[in-house]
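Written below as structure tokens is the structure these notes are about.
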Amino acid sequence: MAAVLPMRFRILHFFSTVKESSIKELMNALRSEYGAEGQFNENVIGEHLLSMRAGGLIETRDIELDRDGNLVVNYAITEFGQGRLKYLPKAWKV
Numbered sequence: 883m884a885a886v887l888p889m890r891f892r893i894l895h896f897f898s899t900v901k902e903s904s905i906k907e908l909m910n911a912l913r914s915e916y917g918a919e920g921q922f923n924e925n926v927i928g929e930h931l932l933s934m935r936a937g938g939l940i941e942t943r944d945i946e947l948d949r950d951g952n953l954v955v956n957y958a959i960t961e962f963g964q965g966r967l968k969y970l971p972k973a974w975k976v
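Read the sequence shown against our numbering and you will find it ends at 976, with the numbers running on by one and no gaps.
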């Protein structure tokens, strides 16, 4: 792949490659690219997801409790979000 993308664009790109994903799955997938960055933590990524959801780029798909009783929210890219992928560099287009 090409150079590292700004975090939100990379998150949007990630969602274009999966049916749906939780924050933990997202972070596991992007850890090798962003793991050393200070903003790569669950709170900041969660804020990115909430902002992207408010902007119509992603939507909530499934909400459940894990084995430990923690809330797990799964997100998926929206049609509007798919349309924003055109702004990605050519090397990142799916």
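Here a beta-carbon is modelled for each residue, glycine too, at the ideal position from N, C-alpha and C.
For residue i, which of helix, strand or coil comes out of DSSP?
i: residue 926; result: helix
i: residue 958; result: strand
i: residue 953; result: strand
Roughly how far, in whole angstroms, is the beta-carbon of residue i from the beta-carbon of residue j, given that I think they are within contact range, below 8 Å?
i: residue 941; j: residue 935; result: 7 Å
i: residue 947; j: residue 953; result: 6 Å
i: residue 905; j: residue 931; result: 6 Å
Check this for me: beta carbons of residue i and residue j, under 8 Å apart or not?
i: residue 897; j: residue 969; result: no
i: residue 887; j: residue 967; result: no
Verify the CB distance criterion: does residue i have a CB-CB separation below 8 Å to chain D?
i: residue 959; result: Protein chains in the displayed structure number just one, and chain D is not present.
Taking the straight line between their C-alpha atoms, what separation do you get for residue i and residue j?
i: residue 928; j: residue 909; result: 10 Å
i: residue 903; j: residue 963; result: 15 Å
i: residue 944; j: residue 900; result: 14 Å
i: residue 917; j: residue 974; result: 20 Å
Classify residue i as buried or exposed, calling it buried when 16 or more other Cβ atoms lie within 10 Å of its own Cβ.
i: residue 892; result: buried
Does the beta carbon of residue i fall short of 7 Å from some heavy atom of the ligand ADP?
i: residue 946; result: This structure lacks the ligand ADP, and indeed carries no ligand of any kind.
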